[in-house]
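Undergrad:
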Amino acid sequence: MTAEGPRTIGEGLAPPEPPIVIEHRQQLIHLLREASELEHTIMCQYLFAAFTMKRSVDEGLTAEQLEAVTRWRKVVLEVAHQEMLHLALVENLLASVGAAPYFARPTMPAPARHFPPGVQVALLQFGERALRHFLFLERPEGMPLDDADGFAAVERTRPLVDDADIVPRAQDYATVSHLYRAIDIGFAWLTSKLGEGELFIGPPGAQALGEWFHWPNLVPVTDLASAHQAIDTIVEQGEGAKGDWREAHFGRFLAVFDEYMTMRTADPSFEPARPILAGTVRADVDDLPRIADRASAQVADLFNVGYEITLLALARLFAHTDETADQLKTLEGVAVGSMVGVLSPLGELLTRLPFGPTHPGLNAAPTFELFYQSGYLLPHRDAAWRVMEERLRQAAEFARHIEGISDPVLARVVASFEKLAERLARARAQVTI
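Counting from 0, one number per residue, gives the positions in the sequence shown under numbering that gives the first Met the number 0.
1. Enumerate in chain order the residues of its own chain whose CB-to-CB distance from PRO356 is below 7 Å, with the five nearest sequence positions on each side excluded.
2. What span of residues does the alpha helix (DSSP H) with ASP266 cover, start to end?
3. In chain order, what residues of the same chain lie with their CB nearer than 6 Å to the CB of PRO215, ignoring the 5 residues before and after it?
4. In chain order, what residues of the same chain have a beta carbon less than 6 Å from the beta carbon of PHE133, not counting five sequence neighbours either side?
5. Measure the C-alpha to C-alpha separation of GLU154 and GLN119 and round it to an integer number of angstroms.
6. If you drop the 5 nearest sequence neighbours on each side, which residues of the same chain put their C-beta closer than 7 Å to that of GLY360?
7. Tell me ILE275's beta-bridge partners as DSSP assigns them.
8. Using a C-beta cutoff of 8 Å, does LEU376 count as contacting chain B?
9. Short check: CB of ALA226 to CB of SER55, under 8 Å?
10. If you run the structure through DSSP and keep just helix, strand and coil, what is ARG293?
11. Which same chain residues end up closer than 7 Å to GLY332 when comparing Cβ atoms and leaving out the 5 residues on each side of it in sequence?
12. Just list the beta strand (DSSP E) runs in the segment 176–230, keeping only unbroken ones of 3 residues or longer that don't cross its boundaries, in chain order.
13. Using DSSP bridges, identify the partner residues of PHE353.
14. Can you give me the Cβ contacts of ARG399 inside the same chain, cut-off strictly under 7 Å, excluding the 5 residues immediately before and after it?
15. Nearest-angstrom Cα distance between VAL280 and ALA296?
16. By alpha-carbon positions, which one of GLU197, ARG351, VAL20 and VAL78 ends up nearest to HIS177?
17. Sort out for me which residues DSSP pairs MET52 with in a bridge.
18. Using the Cβ count rule (16 or more neighbours within 10 Å means buried), how would you classify PRO365?
19. Assess contact between the segment 198–207 and the segment 263–270, defined as three or more Cβ pairs (one per stretch) separated by less than 8 Å. Is contact present?
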(Lines of atoms letter the chains of each structure in order from A; the text may use other names.)
(Lines give C-alpha, C1' and ligand atoms only; values in the text may rest on other atoms or scores of the structure.)
Protein backbone atom coordinates (compact mmCIF):
# COMPACT_ATOMS: atom_id res chain seq x y z
CA MET A 0 0.00 0.00 0.00
CA THR A 1 1.13 3.58 -0.59
CA ALA A 2 1.34 6.44 1.88
CA GLU A 3 1.02 10.04 0.72
CA GLY A 4 1.09 13.12 2.93
CA PRO A 5 0.47 13.17 6.68
CA ARG A 6 -1.19 9.89 7.55
CA THR A 7 -4.63 10.62 8.94
CA ILE A 8 -7.49 8.19 8.79
CA GLY A 9 -11.21 8.34 9.28
CA GLU A 10 -12.42 10.37 6.29
CA GLY A 11 -15.47 9.24 4.37
CA LEU A 12 -16.95 6.73 6.82
CA ALA A 13 -20.53 6.71 8.05
CA PRO A 14 -20.63 7.59 10.85
CA PRO A 15 -17.34 9.56 10.46
CA GLU A 16 -14.45 8.12 12.43
CA PRO A 17 -12.10 10.56 14.16
CA PRO A 18 -8.72 10.96 12.45
CA ILE A 19 -5.58 9.37 13.89
CA VAL A 20 -2.12 10.73 13.15
CA ILE A 21 1.10 8.66 13.17
CA GLU A 22 4.15 10.73 12.31
CA HIS A 23 6.94 8.99 14.24
CA ARG A 24 7.99 5.65 15.73
CA GLN A 25 6.97 6.49 19.28
CA GLN A 26 3.41 7.28 18.24
CA LEU A 27 3.22 3.92 16.45
CA ILE A 28 4.58 2.15 19.53
CA HIS A 29 2.04 4.00 21.69
CA LEU A 30 -0.85 2.75 19.54
CA LEU A 31 0.56 -0.79 19.46
CA ARG A 32 0.74 -0.80 23.25
CA GLU A 33 -2.87 0.36 23.31
CA ALA A 34 -3.73 -2.51 20.96
CA SER A 35 -1.91 -4.93 23.28
CA GLU A 36 -3.91 -3.70 26.28
CA LEU A 37 -7.10 -4.00 24.28
CA GLU A 38 -6.49 -7.56 23.06
CA HIS A 39 -5.42 -8.63 26.56
CA THR A 40 -8.51 -7.11 28.19
CA ILE A 41 -10.92 -8.46 25.58
CA MET A 42 -9.45 -11.94 26.03
CA CYS A 43 -10.14 -11.77 29.78
CA GLN A 44 -13.68 -10.61 29.09
CA TYR A 45 -14.47 -13.63 26.93
CA LEU A 46 -12.83 -16.11 29.31
CA PHE A 47 -14.87 -14.65 32.17
CA ALA A 48 -18.14 -15.12 30.28
CA ALA A 49 -17.22 -18.71 29.40
CA PHE A 50 -16.40 -19.52 33.05
CA THR A 51 -19.90 -18.41 34.13
CA MET A 52 -21.77 -20.78 31.80
CA LYS A 53 -23.57 -23.79 33.26
CA ARG A 54 -22.19 -27.29 32.67
CA SER A 55 -24.95 -29.83 33.42
CA VAL A 56 -28.69 -30.51 33.57
CA ASP A 57 -28.30 -30.50 37.36
CA GLU A 58 -28.04 -26.71 37.09
CA GLY A 59 -31.58 -26.33 35.77
CA LEU A 60 -31.03 -26.90 32.06
CA THR A 61 -32.89 -29.28 29.77
CA ALA A 62 -30.84 -31.61 27.60
CA GLU A 63 -31.56 -29.39 24.57
CA GLN A 64 -30.53 -26.24 26.47
CA LEU A 65 -27.34 -27.87 27.73
CA GLU A 66 -26.40 -28.83 24.17
CA ALA A 67 -26.85 -25.21 23.06
CA VAL A 68 -24.93 -23.77 26.03
CA THR A 69 -22.07 -26.20 25.40
CA ARG A 70 -21.88 -25.06 21.75
CA TRP A 71 -21.98 -21.39 22.75
CA ARG A 72 -19.20 -21.89 25.30
CA LYS A 73 -17.09 -23.46 22.57
CA VAL A 74 -17.63 -20.38 20.38
CA VAL A 75 -16.69 -17.99 23.19
CA LEU A 76 -13.55 -19.98 24.04
CA GLU A 77 -12.52 -20.21 20.38
CA VAL A 78 -12.85 -16.44 20.08
CA ALA A 79 -10.83 -15.99 23.28
CA HIS A 80 -8.17 -18.29 21.80
CA GLN A 81 -8.00 -16.10 18.71
CA GLU A 82 -7.66 -13.02 20.92
CA MET A 83 -4.57 -14.69 22.40
CA LEU A 84 -3.22 -15.07 18.87
CA HIS A 85 -3.96 -11.39 18.20
CA LEU A 86 -2.10 -10.42 21.37
CA ALA A 87 0.91 -12.45 20.20
CA LEU A 88 0.80 -10.77 16.78
CA VAL A 89 0.77 -7.35 18.42
CA GLU A 90 3.83 -8.34 20.47
CA ASN A 91 5.59 -9.28 17.22
CA LEU A 92 4.61 -5.92 15.71
CA LEU A 93 6.08 -4.17 18.76
CA ALA A 94 9.30 -6.19 18.57
CA SER A 95 9.65 -5.42 14.86
CA VAL A 96 10.06 -1.69 15.50
CA GLY A 97 12.41 -2.12 18.46
CA ALA A 98 9.93 -2.05 21.37
CA ALA A 99 9.67 -4.42 24.34
CA PRO A 100 6.76 -6.85 24.83
CA TYR A 101 3.86 -5.31 26.71
CA PHE A 102 1.39 -7.22 28.89
CA ALA A 103 -0.01 -4.48 31.12
CA ARG A 104 -3.69 -3.51 30.95
CA PRO A 105 -6.33 -1.58 32.92
CA THR A 106 -7.32 -2.92 36.34
CA MET A 107 -10.27 -5.31 36.36
CA PRO A 108 -12.89 -6.45 37.25
CA ALA A 109 -14.16 -2.87 36.99
CA PRO A 110 -15.22 -1.75 33.50
CA ALA A 111 -12.08 -0.75 31.62
CA ARG A 112 -12.83 2.96 31.12
CA HIS A 113 -9.23 3.41 30.04
CA PHE A 114 -10.33 2.93 26.41
CA PRO A 115 -12.42 5.26 24.23
CA PRO A 116 -16.23 5.13 24.54
CA GLY A 117 -16.60 2.91 21.46
CA VAL A 118 -14.57 0.02 22.86
CA GLN A 119 -15.43 -0.20 26.55
CA VAL A 120 -14.71 -3.61 28.13
CA ALA A 121 -16.11 -5.22 31.28
CA LEU A 122 -16.48 -8.63 32.92
CA LEU A 123 -20.06 -9.84 32.39
CA GLN A 124 -21.70 -13.20 32.94
CA PHE A 125 -22.92 -14.84 29.76
CA GLY A 126 -26.36 -13.68 28.64
CA GLU A 127 -28.17 -11.09 26.56
CA ARG A 128 -26.35 -8.11 28.04
CA ALA A 129 -22.94 -9.69 27.50
CA LEU A 130 -23.74 -10.78 23.94
CA ARG A 131 -25.02 -7.32 22.99
CA HIS A 132 -21.83 -5.86 24.41
CA PHE A 133 -19.65 -8.36 22.53
CA LEU A 134 -21.44 -7.44 19.28
CA PHE A 135 -20.85 -3.76 19.95
CA LEU A 136 -17.18 -4.35 20.67
CA GLU A 137 -16.56 -6.52 17.60
CA ARG A 138 -18.71 -4.54 15.16
CA PRO A 139 -17.13 -3.78 11.77
CA GLU A 140 -15.85 -0.26 11.33
CA GLY A 141 -18.60 2.23 10.50
CA MET A 142 -21.43 -0.08 11.65
CA PRO A 143 -23.76 1.69 14.13
CA LEU A 144 -24.96 -0.50 16.96
CA ASP A 145 -26.20 0.32 20.46
CA ASP A 146 -24.05 -1.01 23.27
CA ALA A 147 -25.22 -2.68 26.48
CA ASP A 148 -26.39 -0.17 29.06
CA GLY A 149 -23.75 1.41 31.23
CA PHE A 150 -20.64 1.18 29.07
CA ALA A 151 -20.71 4.33 26.98
CA ALA A 152 -18.45 6.87 28.68
CA VAL A 153 -19.66 9.67 26.43
CA GLU A 154 -18.44 12.40 28.74
CA ARG A 155 -14.81 11.51 28.03
CA THR A 156 -12.96 12.58 24.93
CA ARG A 157 -9.34 12.39 23.87
CA PRO A 158 -7.34 15.10 22.17
CA LEU A 159 -6.23 14.65 18.59
CA VAL A 160 -2.53 14.69 17.80
CA ASP A 161 -1.01 17.45 15.73
CA ASP A 162 1.24 16.46 12.82
CA ALA A 163 4.17 18.25 14.46
CA ASP A 164 3.84 16.64 17.93
CA ILE A 165 6.93 14.78 19.13
CA VAL A 166 5.33 13.40 22.32
CA PRO A 167 2.99 10.41 21.76
CA ARG A 168 -0.52 10.98 23.06
CA ALA A 169 -3.69 8.94 23.39
CA GLN A 170 -6.00 9.36 20.41
CA ASP A 171 -9.66 8.52 19.99
CA TYR A 172 -10.81 5.61 17.86
CA ALA A 173 -14.35 4.45 17.36
CA THR A 174 -13.88 0.71 16.85
CA VAL A 175 -11.19 -1.93 17.22
CA SER A 176 -10.82 -2.15 13.43
CA HIS A 177 -10.47 1.66 13.30
CA LEU A 178 -7.44 1.38 15.62
CA TYR A 179 -5.85 -1.35 13.50
CA ARG A 180 -6.47 0.53 10.26
CA ALA A 181 -4.58 3.45 11.79
CA ILE A 182 -1.70 1.16 12.77
CA ASP A 183 -1.69 -0.42 9.31
CA ILE A 184 -1.47 2.96 7.59
CA GLY A 185 1.08 4.12 10.15
CA PHE A 186 3.42 1.26 9.25
CA ALA A 187 3.13 2.14 5.56
CA TRP A 188 3.64 5.86 6.12
CA LEU A 189 6.67 5.46 8.38
CA THR A 190 8.19 2.98 5.94
CA SER A 191 7.88 5.61 3.21
CA LYS A 192 9.45 8.23 5.48
CA LEU A 193 12.24 6.22 7.10
CA GLY A 194 12.78 3.30 4.79
CA GLU A 195 12.04 -0.32 5.64
CA GLY A 196 15.49 -0.96 7.09
CA GLU A 197 15.22 2.01 9.48
CA LEU A 198 11.68 1.24 10.69
CA PHE A 199 12.02 -2.52 11.21
CA ILE A 200 15.04 -2.43 13.51
CA GLY A 201 13.99 -5.22 15.90
CA PRO A 202 16.15 -8.35 15.65
CA PRO A 203 14.43 -11.22 13.80
CA GLY A 204 15.32 -13.51 16.71
CA ALA A 205 12.97 -11.54 18.95
CA GLN A 206 9.96 -12.64 16.92
CA ALA A 207 7.56 -15.25 18.30
CA LEU A 208 7.08 -18.22 15.98
CA GLY A 209 3.84 -19.97 15.09
CA GLU A 210 5.34 -23.33 16.04
CA TRP A 211 5.58 -22.20 19.67
CA PHE A 212 1.80 -22.11 20.12
CA HIS A 213 0.80 -24.21 17.08
CA TRP A 214 -0.60 -21.05 15.42
CA PRO A 215 0.16 -20.99 11.67
CA ASN A 216 -1.05 -17.37 11.56
CA LEU A 217 1.54 -16.21 14.11
CA VAL A 218 3.89 -14.75 11.52
CA PRO A 219 7.27 -13.15 12.28
CA VAL A 220 7.12 -9.42 11.47
CA THR A 221 10.32 -8.27 9.77
CA ASP A 222 9.13 -5.95 6.99
CA LEU A 223 6.11 -4.01 5.73
CA ALA A 224 4.54 -6.99 3.98
CA SER A 225 4.59 -9.16 7.11
CA ALA A 226 3.29 -6.24 9.23
CA HIS A 227 0.32 -5.90 6.87
CA GLN A 228 -0.19 -9.68 7.02
CA ALA A 229 -0.27 -9.68 10.84
CA ILE A 230 -2.74 -6.80 10.99
CA ASP A 231 -4.96 -8.35 8.31
CA THR A 232 -5.20 -11.55 10.37
CA ILE A 233 -6.30 -9.62 13.44
CA VAL A 234 -8.94 -7.58 11.63
CA GLU A 235 -10.29 -10.39 9.47
CA GLN A 236 -10.69 -12.78 12.41
CA GLY A 237 -12.09 -10.08 14.67
CA GLU A 238 -14.38 -7.65 12.95
CA GLY A 239 -14.18 -9.01 9.43
CA ALA A 240 -13.57 -5.55 8.00
CA LYS A 241 -11.33 -6.95 5.25
CA GLY A 242 -13.07 -10.31 5.00
CA ASP A 243 -16.51 -11.80 5.59
CA TRP A 244 -17.88 -10.50 8.87
CA ARG A 245 -20.22 -13.49 9.08
CA GLU A 246 -17.23 -15.76 9.72
CA ALA A 247 -15.49 -13.25 12.01
CA HIS A 248 -16.08 -12.74 15.73
CA PHE A 249 -18.96 -10.37 15.05
CA GLY A 250 -20.81 -12.87 12.88
CA ARG A 251 -20.20 -15.78 15.24
CA PHE A 252 -21.51 -13.83 18.22
CA LEU A 253 -24.50 -12.68 16.18
CA ALA A 254 -25.42 -16.30 15.43
CA VAL A 255 -25.16 -17.17 19.14
CA PHE A 256 -27.22 -14.10 20.07
CA ASP A 257 -30.02 -14.97 17.64
CA GLU A 258 -30.23 -18.55 18.89
CA TYR A 259 -30.09 -17.43 22.52
CA MET A 260 -32.92 -14.92 22.04
CA THR A 261 -35.05 -17.54 20.28
CA MET A 262 -34.61 -19.95 23.19
CA ARG A 263 -35.34 -17.21 25.74
CA THR A 264 -38.54 -16.35 23.91
CA ALA A 265 -39.61 -20.00 23.97
CA ASP A 266 -38.70 -20.31 27.68
CA PRO A 267 -38.31 -16.99 29.56
CA SER A 268 -36.96 -18.90 32.58
CA PHE A 269 -33.96 -20.17 30.59
CA GLU A 270 -30.72 -19.03 32.28
CA PRO A 271 -27.51 -20.30 30.65
CA ALA A 272 -25.18 -18.73 33.26
CA ARG A 273 -24.69 -19.17 36.96
CA PRO A 274 -25.79 -16.33 39.27
CA ILE A 275 -22.44 -14.62 39.80
CA LEU A 276 -21.33 -11.25 41.15
CA ALA A 277 -18.20 -9.58 39.85
CA GLY A 278 -16.15 -8.53 42.86
CA THR A 279 -12.59 -8.01 43.98
CA VAL A 280 -10.08 -9.70 46.26
CA ARG A 281 -7.27 -7.19 46.66
CA ALA A 282 -7.81 -4.29 44.28
CA ASP A 283 -9.31 -1.07 45.58
CA VAL A 284 -12.04 -0.66 42.99
CA ASP A 285 -14.91 1.77 43.46
CA ASP A 286 -18.44 0.35 43.56
CA LEU A 287 -17.32 -3.28 43.55
CA PRO A 288 -17.70 -5.49 46.64
CA ARG A 289 -14.96 -7.72 47.97
CA ILE A 290 -15.53 -11.48 47.91
CA ALA A 291 -16.70 -12.17 51.45
CA ASP A 292 -16.37 -15.95 51.68
CA ARG A 293 -12.84 -16.70 52.89
CA ALA A 294 -12.32 -19.91 50.92
CA SER A 295 -13.73 -18.34 47.74
CA ALA A 296 -11.43 -15.35 48.19
CA GLN A 297 -8.45 -17.68 48.55
CA VAL A 298 -9.37 -19.49 45.34
CA ALA A 299 -9.66 -16.12 43.62
CA ASP A 300 -6.19 -15.23 44.94
CA LEU A 301 -4.87 -18.54 43.63
CA PHE A 302 -6.44 -17.85 40.22
CA ASN A 303 -4.70 -14.47 40.10
CA VAL A 304 -1.34 -16.03 40.99
CA GLY A 305 -1.81 -18.53 38.16
CA TYR A 306 -2.61 -15.60 35.89
CA GLU A 307 0.53 -13.84 37.13
CA ILE A 308 2.65 -16.90 36.29
CA THR A 309 1.13 -17.04 32.81
CA LEU A 310 2.10 -13.41 32.18
CA LEU A 311 5.60 -13.90 33.59
CA ALA A 312 6.19 -16.83 31.24
CA LEU A 313 4.75 -14.97 28.24
CA ALA A 314 6.80 -11.86 28.92
CA ARG A 315 9.98 -13.93 29.19
CA LEU A 316 9.10 -15.86 26.03
CA PHE A 317 8.61 -12.67 24.00
CA ALA A 318 11.69 -11.00 25.52
CA HIS A 319 14.01 -14.01 25.56
CA THR A 320 17.74 -13.55 25.19
CA ASP A 321 19.90 -16.65 24.73
CA GLU A 322 17.46 -19.38 25.77
CA THR A 323 17.74 -22.54 23.71
CA ALA A 324 14.94 -23.78 21.46
CA ASP A 325 14.02 -26.36 24.12
CA GLN A 326 13.89 -23.66 26.79
CA LEU A 327 11.63 -21.49 24.64
CA LYS A 328 9.36 -24.50 24.27
CA THR A 329 9.38 -24.83 28.06
CA LEU A 330 8.30 -21.21 28.50
CA GLU A 331 5.47 -21.76 26.03
CA GLY A 332 4.53 -24.92 27.91
CA VAL A 333 4.42 -23.08 31.24
CA ALA A 334 2.26 -20.29 29.82
CA VAL A 335 -0.19 -22.64 28.12
CA GLY A 336 -0.04 -25.18 30.95
CA SER A 337 -0.97 -22.50 33.45
CA MET A 338 -3.90 -21.38 31.32
CA VAL A 339 -5.20 -24.90 30.74
CA GLY A 340 -4.27 -26.61 34.01
CA VAL A 341 -4.81 -23.72 36.43
CA LEU A 342 -6.86 -20.79 35.09
CA SER A 343 -9.53 -22.82 33.31
CA PRO A 344 -10.40 -25.19 36.20
CA LEU A 345 -10.13 -22.47 38.86
CA GLY A 346 -12.18 -20.02 36.79
CA GLU A 347 -14.98 -22.55 36.44
CA LEU A 348 -14.71 -23.56 40.12
CA LEU A 349 -15.03 -19.96 41.30
CA THR A 350 -18.39 -19.54 39.59
CA ARG A 351 -19.68 -22.46 41.68
CA LEU A 352 -18.45 -21.04 45.00
CA PRO A 353 -20.44 -18.59 47.18
CA PHE A 354 -19.64 -14.90 47.06
CA GLY A 355 -20.27 -14.73 50.80
CA PRO A 356 -22.79 -13.61 53.42
CA THR A 357 -22.88 -10.06 52.07
CA HIS A 358 -24.59 -11.31 48.89
CA PRO A 359 -26.49 -14.55 49.60
CA GLY A 360 -27.52 -16.60 46.59
CA LEU A 361 -24.75 -15.24 44.38
CA ASN A 362 -21.51 -16.94 43.40
CA ALA A 363 -17.99 -15.59 43.09
CA ALA A 364 -16.06 -15.29 39.83
CA PRO A 365 -12.48 -14.72 38.62
CA THR A 366 -11.26 -11.17 39.18
CA PHE A 367 -8.28 -11.06 36.78
CA GLU A 368 -6.48 -8.67 39.14
CA LEU A 369 -2.94 -7.64 38.24
CA PHE A 370 -0.25 -7.28 40.88
CA TYR A 371 2.14 -5.08 38.89
CA GLN A 372 0.63 -2.35 36.76
CA SER A 373 4.03 -1.62 35.22
CA GLY A 374 4.11 -5.02 33.51
CA TYR A 375 5.54 -8.51 33.97
CA LEU A 376 8.88 -8.36 32.20
CA LEU A 377 11.77 -10.04 34.05
CA PRO A 378 14.89 -8.83 32.21
CA HIS A 379 17.58 -11.07 33.74
CA ARG A 380 17.52 -14.63 32.45
CA ASP A 381 18.55 -16.75 35.42
CA ALA A 382 16.62 -14.59 37.88
CA ALA A 383 13.53 -14.77 35.66
CA TRP A 384 13.56 -18.55 35.59
CA ARG A 385 14.16 -18.75 39.35
CA VAL A 386 11.29 -16.36 40.11
CA MET A 387 8.83 -18.32 37.98
CA GLU A 388 9.80 -21.65 39.54
CA GLU A 389 9.60 -20.19 43.04
CA ARG A 390 6.18 -18.69 42.35
CA LEU A 391 4.84 -21.99 41.04
CA ARG A 392 5.93 -23.80 44.19
CA GLN A 393 4.45 -21.07 46.40
CA ALA A 394 1.13 -21.39 44.57
CA ALA A 395 1.07 -25.17 45.03
CA GLU A 396 1.71 -24.80 48.76
CA PHE A 397 -0.98 -22.12 49.10
CA ALA A 398 -3.53 -24.32 47.30
CA ARG A 399 -2.86 -27.22 49.69
CA HIS A 400 -3.93 -25.10 52.65
CA ILE A 401 -7.21 -23.70 51.35
CA GLU A 402 -9.81 -24.96 53.81
CA GLY A 403 -13.55 -25.40 53.39
CA ILE A 404 -13.44 -26.68 49.80
CA SER A 405 -13.34 -30.40 49.10
CA ASP A 406 -13.60 -30.06 45.33
CA PRO A 407 -11.09 -32.32 43.49
CA VAL A 408 -10.27 -29.40 41.20
CA LEU A 409 -7.86 -28.05 43.83
CA ALA A 410 -5.87 -31.30 43.95
CA ARG A 411 -5.52 -31.26 40.17
CA VAL A 412 -4.42 -27.62 40.23
CA VAL A 413 -1.75 -28.43 42.86
CA ALA A 414 -0.47 -31.19 40.58
CA SER A 415 -0.38 -28.76 37.64
CA PHE A 416 1.63 -26.19 39.60
CA GLU A 417 4.13 -28.84 40.72
CA LYS A 418 4.47 -30.32 37.23
CA LEU A 419 5.17 -26.89 35.72
CA ALA A 420 7.70 -26.07 38.46
CA GLU A 421 9.58 -29.31 37.78
CA ARG A 422 9.56 -28.64 34.07
CA LEU A 423 11.06 -25.19 34.64
CA ALA A 424 13.68 -26.59 37.01
CA ARG A 425 14.81 -29.19 34.48
CA ALA A 426 15.00 -26.65 31.67
CA ARG A 427 16.80 -24.06 33.81
CA ALA A 428 19.52 -26.59 34.56
CA GLN A 429 20.42 -26.40 30.86
CA VAL A 430 21.17 -22.67 31.12
CA THR A 431 24.82 -21.72 31.33
CA ILE A 432 25.15 -19.05 34.01
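The C-beta atom is built at its ideal place from N, Cα and C for all residues, glycine as well. It should be emphasised that the depicted structure is a prediction, and the values quoted were computed from it without experimental measurement.
TA: In short:
1. As a position in the sequence shown, residue 356 is number 357, starting the count at 1. Excluding positions up to five away in sequence, the list reads ALA291.
2. The residue you call residue 266 lines up with position 267 of the sequence shown. That residue, ASP266, is in no alpha helix (DSSP H); it is neither H nor E in DSSP.
3. On the sequence shown, residue 215 is found 216 positions in, with the first residue counted as 1. Only GLY209 meet the Cβ criterion.
4. For the purposes of this step, residue 133 is identified with residue 134 of the sequence shown, where counting begins at 1. Closer than 6 Å at Cβ, skipping near neighbours: PHE252.
5. In the sequence shown, the residue the question calls residue 154 occupies position 155. In the sequence shown, the residue the question calls residue 119 occupies position 120. Bear in mind that the predicted position of GLU154 carries a pLDDT of just 28, short of 50, making it too unreliable to give a figure here.
6. Looking up residue 360 in the sequence shown gives position 361. Closer than 7 Å at Cβ, skipping near neighbours: PRO274.
7. Translated into positions along the sequence shown, residue 275 becomes position 276. Looking at the DSSP assignment, ILE275 forms a beta bridge with ASN362.
8. In the displayed structure, chain B is absent; only one protein chain is listed.
9. As a first step, residue 226 must be located in the sequence shown, where it is residue number 227. As a first step, residue 55 must be located in the sequence shown, where it is residue number 56. Result no, Cβ atoms of ALA226 and SER55 do not sit closer than 8 Å.
10. Working through the sequence shown from its first residue, we reach residue 293 at position 294. In this structure, ARG293 counts as helix in the three-state DSSP scheme.
11. The residue labelled residue 332 in the question sits at position 333 within the sequence shown. Once the five neighbours on either side are set aside, the close Cβ partners of GLY332 are ARG422.
12. none
13. Position 354 of the sequence shown, counting from 1, holds the residue named residue 353. It should be noted that the sequence gives Pro, not Phe, for residue 353. Note: PRO353 sits in a beta bridge opposite ASN362.
14. Residue numbering aside, residue 399 sits at position 400 when the sequence shown is read from its first letter. Contacts found: VAL413.
15. For the purposes of this step, residue 280 is taken as residue 281 along the sequence shown, with counting starting at 1. For the purposes of this step, residue 296 is taken as residue 297 along the sequence shown, with counting starting at 1. Roughly 6 Å between the two C-alpha positions.
16. As a working note, residue 177 is residue 178 in the sequence shown. Here the closest residue by C-alpha is VAL20.
17. On the sequence shown, residue 52 is found 53 positions in, with the first residue counted as 1. Bridge partners of MET52: ALA272.
18. Here residue 365 refers to the residue found at position 366 when the sequence shown is read from its first residue. By the neighbour-count rule (16 or more Cβ atoms within 10 Å), PRO365 is buried.
19. no
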